[in-house]
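Per the working numbering, the very first residue in the sequence shown carries number 2; after that it's consecutive.
Note that CB positions come from ideal geometry on N, CA and C, so glycine has one too.
Reviewing the structure listed below.
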Amino acid sequence: MPIIRPCQTDDIAQITAIYAHHVLHGTGTFEIDPPSEADMAQRRTDVLSKALPYLVVVDGSQTLGFAYCNWFKPRPAYRFSAEDSIYLAPAAVGQGLGRTLLAELMAQAERAGVRKLIAVIGDSNNLGSINVHRSAGFDHVGTLKSCGWKFGRWLDVVMMDKALGQGDRSAPA
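Pasting the structure below:
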């Protein structure tokens, strides 16, 4: 039975392999060259240093996916808005794990003080990610047309967002 838990150092090799698959075969990320395990470890460290969630979904010793959020932009005024990232192993797609992982990420992000979660989805044809976010209550807020070039074609970026907790109904604490 899959469980969601905080990402640990021992998970880095498997999340690196999952992400490499998406870099090499997918349009959800606009990276062209897969990052190394050291790069992925540093990215995880960066997220955790900001007291933001970095999660994995595992079944026994097999990592099926990972999700995290990081500040949307580095300037202080953005400190309550974060961008989410979710990646599943190819064999784990279509099992509802993306929805479950996103739900837990939203809950933990809210506890960390995030008031707005933003999805920056590579490729307007990335219906899996768009539908996972829509089912979690995200609203489509715009499309940046033809802003990425990968696999010999122009790709859009779909922007979606969701208020967490009080959202903009009150000043942050």
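Practice prompt. Give the straight-line distance between the Cα atoms of V59 and P3, rounded to the nearest whole angstrom.
Written response: 5 Å
Fill in: Length-filtered (4 minimum) alpha helix (DSSP H) runs lying within the region 33–105
38–50
Worksheet item: What residues match up with K117 in a beta bridge as DSSP calls it?
Response: S82, A164
Practice prompt. Check whether the Cβ atoms of I119 and S130 sit closer than 8 Å, and answer yes or no.
Written response: no
Worksheet item: Can you list, in chain order, the residues of its chain whose CB lies under 7 Å from that of S50, leaving out five sequence neighbours each side?
Response: none
Discussion item. What does the alpha-carbon distance come out to for the pair A110 and L53?
Written reply: 6 Å
Worksheet entry | Element boundaries [alpha helix (DSSP H), containing E17] | Looking at the sequence itself, residue 17 is Thr, so the reference to Glu does not match. Here the alpha helix (DSSP H) through T17 covers 13–26.
Worksheet item: For H141, which residues from the same chain have a beta carbon less than 6 Å from its beta carbon, with the 5 sequence-adjacent residues on both sides left out?
Response: M161
Worksheet item: Is it the case that the Cβ atoms of V57 and T46 are separated by a distance below 8 Å?
Response: no
Worksheet entry | Residue of R116, R154, G99, G66 minimising C-alpha distance to G168 | R116
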